[in-house]
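What follows is a single structure, written as structure tokens, with notes after it.
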Amino acid sequence: MSMTMEVDQVRQEEPGGNADFEWNAFDSASYHGHNYVKLHQNDLVFVKELRDFFAAELQGGEGLHGVDVGAGTNLYPSLAMLPFCAKLTLIDYSTSNVAWLQRETQDYAASWDPFWEILAEAEPYSAIDKPRLLLRQRAQAEAGSIFQLPHEKWDLGTMFFVAESISERGEEFMAAVHSFIGTLRPGAPFAAGFMENSTGYQVGSRAFPAVEIRDTDVRESLRSLAEIRPPIRLEAGDSPIRAGYTGMILVCGKKLTNTES
417 MSMTMEVDQV RQEEPGGNAD FEWNAFDSAS YHGHNYVKLH QNDLVFVKEL RDFFAAELQG
477 GEGLHGVDVG AGTNLYPSLA MLPFCAKLTL IDYSTSNVAW LQRETQDYAA SWDPFWEILA
537 EAEPYSAIDK PRLLLRQRAQ AEAGSIFQLP HEKWDLGTMF FVAESISERG EEFMAAVHSF
597 IGTLRPGAPF AAGFMENSTG YQVGSRAFPA VEIRDTDVRE SLRSLAEIRP PIRLEAGDSP
657 IRAGYTGMIL VCGKKLTNTE S
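Add 416 to a position in the sequence shown, counting from 1, and you land on the number used in the numbering used here.
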């Protein structure tokens, strides 16, 4: 084998980075239809956990500015923050996802009603009569990179199935988590979801990357940055959302007040 062939083979085996994938070609409608139109029990469990966590941490809180980083085509993290926020920013890197979010936040589809029904089983969600109208008034979708977020801007935040799903490189997973925590103000409550041991995923005709992580990796990524509750892990089960993962992990916590993230 020639030296040139050896170098080419090494290059092919190197994990792909975030910049190596065509995120603006992300098929938002396909992803939403596959993942959220048909309800997945694990998502419903996470919604209940989000509800109880934010309600406990933000008792009587309102008028805050929340952020959902890498929102994609998932509205339930934003709906979980809605009662506490005067402003709610949904950030995504993909132009197709941003366009989808801009449309969907104006009058979200009926597929999100079961998620709101779970939220509305408790205060302060139950006091909201028209969540569609409130989301339209308070939410704004905008383009942005998880690696270039402003420092300590938001009062609370969410990041679901993002950090491990934008690259094949472990260092970029860590950088994404650190950037998410860094964009929150000290003491801010947050929730983040992760696909466990994901080997990548197909959206329409395109393949997208993932880093195989477990709850120990999630804990390590947040060490010295946040005080967290024990992560909640749910098996992929008999009806997984897609092939190539073993479960879903939810972590809720608060950014430490003395972190330099």
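Think of the CB as a built atom: it goes at the ideal place given N, C-alpha and C, for glycine as much as any other residue.
Just so it is clear, the structure is predicted and the values come from calculations on it, not from any experiment.
Contact defined as beta carbons within less than 8 Å: I believe residue i pairs with residue j. What is the distance between those atoms, to the nearest angstrom?
{"i": "Tyr509", "j": "Ser581", "result": "At roughly 12 Å, the Cβ-Cβ gap does not stay under 8 Å, so Tyr509 and Ser581 are not in contact."}
{"i": "Leu572", "j": "Pro605", "result": "5 Å"}
{"i": "Phe596", "j": "Val453", "result": "About 27 Å; that fails the 8 Å criterion."}
In angstroms, rounded to a whole number, what distance separates the CA positions of residue i and residue j?
{"i": "Val578", "j": "Leu551", "result": "22 Å"}
{"i": "Ile657", "j": "Met611", "result": "10 Å"}
{"i": "Val634", "j": "Ser542", "result": "32 Å"}
{"i": "Gln556", "j": "Tyr661", "result": "31 Å"}
{"i": "Phe442", "j": "Gly669", "result": "30 Å"}
{"i": "Lys671", "j": "Gly598", "result": "9 Å"}
{"i": "Glu651", "j": "His456", "result": "12 Å"}
{"i": "Lys503", "j": "Arg554", "result": "5 Å"}
{"i": "Glu422", "j": "Gln618", "result": "Residue placement at Glu422 cannot be trusted, given a pLDDT of 45 that sits under 50; what the coordinates show is reported in the next sentence. Taking the straight line from one Cα to the other gives about 29 Å."}
{"i": "Ser614", "j": "Ile629", "result": "7 Å"}
{"i": "Pro499", "j": "Met575", "result": "18 Å"}
{"i": "Ala496", "j": "Phe531", "result": "9 Å"}
{"i": "Ile648", "j": "Glu478", "result": "27 Å"}
{"i": "Lys464", "j": "Ile534", "result": "6 Å"}
Using three-state DSSP, classify residue i as helix, strand or coil.
{"i": "Ile534", "result": "helix"}
{"i": "Val461", "result": "helix"}
{"i": "Gly511", "result": "First, the amino acid is wrong: residue 511 is Thr here, not Gly. Correct three-state label for Thr511: helix."}
{"i": "Gln522", "result": "coil"}
{"i": "Ile411", "result": "Missing from the structure shown is residue 411; the chain here goes from 417 to 677 and no further."}
{"i": "Arg658", "result": "coil"}
{"i": "Ala445", "result": "helix"}
{"i": "Arg645", "result": "coil"}
{"i": "Ala435", "result": "helix"}
Does the beta carbon of residue i come closer than 8 Å to any beta carbon on chain C?
{"i": "Asp529", "result": "This model lacks chain C altogether, as it is built from one protein chain only."}
Within the same chain, show all residues whose beta-carbon is closer than 7 Å to that of residue i, passing over the 5 residues directly before and after it, in chain order.
{"i": "Asp424", "result": "Residue placement at Asp424 is flagged as unreliable, the pLDDT there being 45, under the threshold of 50; a coordinate-derived value is accordingly withheld."}
{"i": "Leu517", "result": "Ala487, Leu506, Asp508 and Ala557"}
{"i": "Trp570", "result": "His481, Gly482, Val483, Thr599, Leu600, Arg601 and Ala604"}
Considering only residues of the same chain and omitting the five flanking positions on each side of residue i, which have a CB-CB separation below 8 Å?
{"i": "Glu584", "result": "Pro431, Gly432, Gly433, Gly616, Pro625, Ala626 and Val627"}
{"i": "Asp523", "result": "Arg548 and Arg552"}
{"i": "Arg645", "result": "Phe469, Val667, Cys668 and Gly669"}
Tell me which residues share the same chain as residue i and place their Cβ nearer than 6 Å to its Cβ, disregarding the 5 neighbours each side in the sequence.
{"i": "Thr489", "result": "Ser444, Tyr447, His448 and Trp516"}
{"i": "Phe589", "result": "Ala579, Glu580 and Val627"}
{"i": "Ala559", "result": "Val514"}
Could you pull out every unbroken alpha helix (DSSP H) segment of at least 4 residues lying fully inside the stretch 583-642, listed in chain order? If only uninterrupted alpha helix (DSSP H) runs of at least 4 residues are considered, those enclosed by the stretch 583-642 are 586-598 and 631-638.
Every unbroken beta strand (DSSP E) within the stretch 464-507, with a cutoff of 3 residues, ordered by chain: Those beta strand (DSSP E) runs which fall completely within the stretch 464-507 and span 3+ residues are 480-485.
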